[in-house]
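These notes are about the structure you will find just below.
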Amino acid sequence: MAELPGFRIYLTEHHDGRLTGVLMRWKEYWIDQPPPSGYGRDEAEVQEELEARIHEARATGEDLGRYLWTERFETRRVSLSVHPATMVDTLPVVGHRVTPLRPSFAWSKLESGAFRVMLPRWGWWSLFEDLDDVAPVLEALIGGALHGKDPRWLYEFREQHGERVIPWRPERLIGAADKKKPRDDLGDFPELGRVADEWVTRARRKKLPLVVGEDDISEVITRLVIEGPQPILLVGAPGVGKTAALRKVAARLSKDKRAPRLWSTSAERILAGMVYLGMWQERCLAITEELAEDGDYLYAGRLSSLCRPLGGGGTLAEALEGPITGRDIGFIAECSEAELVHCQRAQPSLVNACRLIRVPEAKADRMLELLETYQLRTRTRAVLDPQSLGRAVRYLDRYVPGTRFPGKAFAFLDWLRLENESARARHLDPAATTRAFADYTGLPVELISDARGATADHIKERLGRGVIGQGHACAVAGRVLARFKAGMNDPGRPLGALFFVGPTGVGKTELAKELARYMFGDPTRMARFDMAEYAHRGAARRLLEVGDGVVSLATRLAAQPLSLVLFDEIEKAHPEVHDLLLGVLDEGRLTDVDGRLIDARMTLFVMTSNLGADAAPPIGFGDDPGDAGDPARSAHLGAVRAHFRPEFFGRFDHVVPFRHLTPEDVAQIVDLELKKLRTRRGFTQRRITLRVDPAVRAWLADHGYHRSFGARPLRRLIEEAIVSPVAVAMAEDPSLQDRELVVSLDRGVPRVR
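As numbered in this note's numbering, residues 4 to 756 make up the sequence shown, in order.
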């Protein structure tokens with residue numbers, strides 16, 4: 004039963020009736036002095052001597068708070084059997100004779116239902132689920148330690164009479180012990196102050212982010228934290244609320260002045276600035292020493308990051324494992340189910356020592372209530388009514404599958420609040436919610452709105468504005484996106500897997516950019532990987548690497564799963580890379596080197612290749628490579644099938660052949676590039692218009708196309724023939740503005756005037 008904080012004295016009675024009393028403490032340090040003790044004819048004399056010892060301990064700066072308890076203790080005696088040592092022909096051996104022991108232990112029942120069991124005479128304690136398990140554990144512990152030892156050691160475990168625990172609450176001492184160090188005083192934690200934030204103090208000051216809703220998880224964690232330092236591992240998918248649960252724990256602890264602190268950090272913060280050999284190990288040692296001072300807790304974020312091998316050998320988990328498993332410090336980390344398997348293999352002793360708490364996803368029927376409460380408490384200027392909230396939840400469920408509720412819903416509302424911070428207060432109807440979600444994800448309204456149409460032909464026409472001469476390829480891409488809009492794409496696979504094959508410089512990469520521009524409004528949402536850089540053994544692992552400053556397929560998809568990934572010249576990649584992509588293209592998931600599962604079901608994968616280009620017919624043949632009997636299509640498909648294994652070829656949704664460009668195509672590309680040129684800042688800022696004569700456009704089309712390189716030389720030619728002369732003129736004459744510049748041919752060479 005909990006009561007006001009006070010001391011607990013473990014009393015033993017001697018044969019002459021005198022008493023020895025030892026103060027019990029809930030925290031032992033690595034190098035520790037024996038606890039204060041007293042001897043007297045009765046309890047009053049023992050307490051008088053203990054008071055003197057407490058004053059001495061306080062004078063030396065000892066933390067008296069670890070002697071304060073809110074629990075009541077009872078004692079129980081157990082019977083054990085040991086085999087002390089004996090001699091056989093001058094050799095010490097484990098004796099056959101069995102010696103019985105009857106030591107006592109103290110126990111108390113915690114709020115969580117567990118039992119704290121202590122052997123105060125030897126400074127040992129542990130937590131048990133059932134008191135009936137104490138006897139066999141103590142027999143193994145004490146009996147094992149004494150087997151084969153000197154029989155005189157048994158005297159230390161002799162039976163004592165009158166063993167009991169009494170409460171003692173001298174007010175003049177309790178105040179001093181309880182006020183030893185203000186919990187909000189963080190000045191004695193220099194290393195933790197550099198790498199962590201103390202959440203309990205921040206909660207007292209109302210500085211933690213808002214958390215809504217009540218749950219049993221945070222209550223369970225709070226009880227465990229109050230019991231004393233122990234390792235806790237929260238297991239759940241991203242977005243279920245693991246971090247939010249700990250913020251609730253901090254809020255609960257903030258109401259208790261004696262509660263342990265909760266320091267929040269991450270592997271990246273611990274390693275920041277640690278550039279020389281041994282620096283991060285020293286930092287870990289300093290952190291554990293500061294945490295052990297008051298029995299505080301360290302929340303280290305993702306456990307998989309702690310298990311990541313570091314340069315020079317070792318991991319953060321290995322450096323922290325001793326104090327964690329020895330319960331010198333409290334420890335909390337989080338992981339997903341997939342990461343748990345990875346960490347179990349990498350650091351089994353640490354994971355096995357942790358108390359696993361699984362955090363489930365919020366129930367769907369509670370989402371609207373949670374979101375309404377969150378809106379109300381954040382005082383957002385853009386308020387969604389219940390119908391709009393329901394629409395937002397449906398959008399998030401479909402288009403953001405890699406993160407769970409309620410985290411992804413709160414993230415959307417936070418973004419909406421920041422976007423409207425300076426706007427007038429308003430209510431968003433369902434149509435406005437659709438537009439807001441389109442801005443949030445980058446997806447066009449016509450793709451996500453049921454009220455707007457987007458046929459495959461319409462999408463083809465949009466893509467064809469930026470990709471000239473590849474009507475069949477644009478049509479295939481349009482059908483893929485139309486399938487996505489209709490909700491008919493396979494939810495267990497990526498959004499699409501397109502294989503663009505054809506000659507160099509005919510628009511394969513350009514179509515990938517146009518897809519990214521159409522889908523997300525920004526071509527930079529395309530992650531491009533040159534597969535010639537992944538041609539060697541071991542290259543597949545580079546795609547899965549994570550860490551500070553690392554750019555890989557795993558980091559790009561983790562940061563933005565709603566994106567387009569381009570694998571350029573995929574045929575040059577090592578077969579190990581193809582093996583890796585088998586799972587990605589089939590299930591829309593990959594696992595990084597830390598064991599983290601990354602969702603790629605909202606990613607459009609595009610692969611390009613030149614396979615079969617040499618065998619394709621020249622210009623004028625196969626104008627429509629979509630025809631089944633087209634020679635170019637047959638050449639490309641045959642080359643692709645011959646190069647890749649059937650199981651990899653079977654992962655492509657479409658193999659899309661690109662044809663050679665015709666002179667008419669090149670002329671249109673010239674016009675398109677000149678149109679883009681006119682939008683550059685130098686022209687718009689100076690209000691300069693550019694007119695290019697037809698003869699110059701024809702000259703650019705003729706000199707900017709090459710059979711082997713397609714239209715790739717065109718951009719460089721425009722830069723050299725038009726952009727450079729104009730830039731020189733602008734730099735020389737600051738007054739050059741509000742004019743029309745004309746580019747014409749002069750003796751067969753473009754001139755700007």
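Heads up, the beta-carbon is just placed ideally off N, CA and C, and yes, glycines get one too.
In chain order, which beta strand (DSSP E) runs of at least 3 residues are fully inside the segment 432–475? Given a length threshold of 3 residues, the segment 432–475 has no whole run of the beta strand (DSSP E) inside it.
Of the listed residues A365, K411, L498 and D493, nearest to A480 (C-alpha basis): Checked all of A365, K411, L498 and D493; the closest Cα to A480 is L498.
Alpha helix (DSSP H) containing V729: first to last residue? Element bounds for V729: S727 to E735.
Continuous beta strand (DSSP E) assignments of at least 3 residues falling wholly in the segment 341–414: Runs found: 358–361 and 385–387.
Where the alpha helix (DSSP H) containing F652 begins and where it ends: Counting along the chain, the alpha helix (DSSP H) containing F652 begins and ends at P649 to F652.
Below 7 Å between beta carbons: does that hold for V746 and P737? Cβ atoms of V746 and P737: not closer than 7 Å.
Cross-strand partners of C338 (DSSP beta bridge): Beta-bridge pairing links C338 to V238.
Counting only the same chain and skipping the five closest in sequence on each side, list residues whose C-beta sits under 6 Å from that of A708. The amino acid occupying residue 708 in the given sequence is Tyr; Ala does not appear at that position. Closer than 6 Å at the Cβ level, and outside the excluded window around Y708, lie V669 and A714.
Sort P326, S129, R684 and D66 by Cα distance to L176 and report the nearest one. Residue D66 is the option with its Cα nearest to L176.
Per-residue DSSP class, three states only, for M90: Note: M90 maps to strand in three-state DSSP.
If you draw a straight line from the C-alpha of F647 to the C-alpha of E574, how long is it? It is roughly 8 Å from the alpha-carbon of F647 to the alpha-carbon of E574.
Note down, in chain order, each residue of its chain lying with its Cβ closer than 7 Å to the Cβ of M4, except the 5 sequence neighbours on either side. Only weak support exists for where M4 lies, its pLDDT of 44 falling under 50; the coordinates are left without a value.
M522: first and last residue of the uninterrupted alpha helix (DSSP H) it sits in: Run containing M522: K511 to F523, per the alpha helix (DSSP H) assignment.
When the Cα atoms are used, what is the spatial distance from E222 to L359? Answer to the nearest angstrom: the Cα atoms are 15 Å apart.
State buried or exposed for K260, treating a residue as buried only when at least 16 other CB atoms are found within 10 Å of its CB. K260 counts as exposed, since fewer than 16 other C-beta atoms from the protein chains shown sit within 10 angstroms of its C-beta.
Along the alpha helix (DSSP H) that carries F608, what are the first and last residues, could you check? Element bounds for F608: not the alpha helix (DSSP H) but the beta strand (DSSP E), L607 to S612.
State yes or no: is the C-beta of P263 within less than 7 Å of the C-beta of D299? Here P263 is near D299, since their CB atoms are less than 7 Å apart.
What does the Cβ neighbour count give for I622, buried or exposed, with the cut at 16 atoms within 10 Å? Caution is warranted here: a pLDDT of 43 is assigned to I622, below 50, making its placement in the model unreliable, and no coordinate value can be reported.
List the residues that DSSP assigns as beta-bridge partners of V658. Per DSSP, F502.
Quick one: what's got a C-beta closer than 6 Å to G508's C-beta in the same chain, skipping five residues either side? The residues are F712, G713, A714 and R715.
With DSSP as the reference, identify every bridge partner of W757, one or two as the case may be. The structure shown has nothing for residue 757, since the chain only spans 4 to 756.
Can you give the Cα-Cα distance for S352 and L323, rounded to whole angstroms? Taking the straight line from one Cα to the other gives about 12 Å.
Close-in-space but distant-in-sequence residues of the same chain around K183 (CB under 7 Å, 5 per side omitted): At K183, the pLDDT of 46 sits below 50, so the modelled position is not reliable and the matter cannot be decided from this model.
DSSP beta-bridge partners for S129? According to DSSP, which records beta bridges pairwise, S129 is partnered with V120.
Per DSSP, L22 is paired with what? Looking at the DSSP assignment, L22 forms a beta bridge with E16 and G43.
Out of curiosity, what's the CA-to-CA distance linking A459 and A478? Going by the C-alpha atoms only, they are around 7 Å apart.
Can you tell me which residues form a DSSP beta bridge with P95? Beta-bridge pairing links P95 to M90.
In chain order, which beta strand (DSSP E) runs of at least 3 residues are fully inside the segment 212–275? Qualifying beta strand (DSSP E) stretches, in chain order: 234–238 and 265–267.
Using a Cβ distance threshold of 8 Å, determine whether the segment 321–336 contacts the segment 223–235, with at least three qualifying pairs required. Verdict: yes, contact present.
So L288 packs on L294, CB below 8 Å; how close in whole Å? L288 to L294, Cβ: 11 Å. No contact.
Looking at C-alpha atoms only, which residue of L227, L211, T318 and A240 is the closest neighbour of S267? Minimum Cα distance to S267 is reached at L211.
Is it right to say L213 is buried, meaning 16 or more other beta carbons lie within 10 angstroms of its own, or is it exposed? By the beta-carbon neighbour count (other beta carbons within 10 angstroms, threshold 16), L213 is exposed.
M491 versus V587: straight-line alpha-carbon distance, rounded: If you draw a straight line from the Cα of M491 to the Cα of V587, it is about 20 Å long.
In its own chain, which residues sit with a C-beta less than 7 Å from the C-beta of A441, not counting the 5 before and 5 after it? Answer for A441: P447, V448 and I451, listed in chain order.
Buried versus exposed call for K488 [16 or more other C-beta atoms within 10 Å across all chains shown]: By the 10 Å Cβ count, K488 comes out buried.
Span of the alpha helix (DSSP H), counted from its first residue to its last, around R28: Per DSSP, R28 belongs to no alpha helix (DSSP H) and is neither H nor E.
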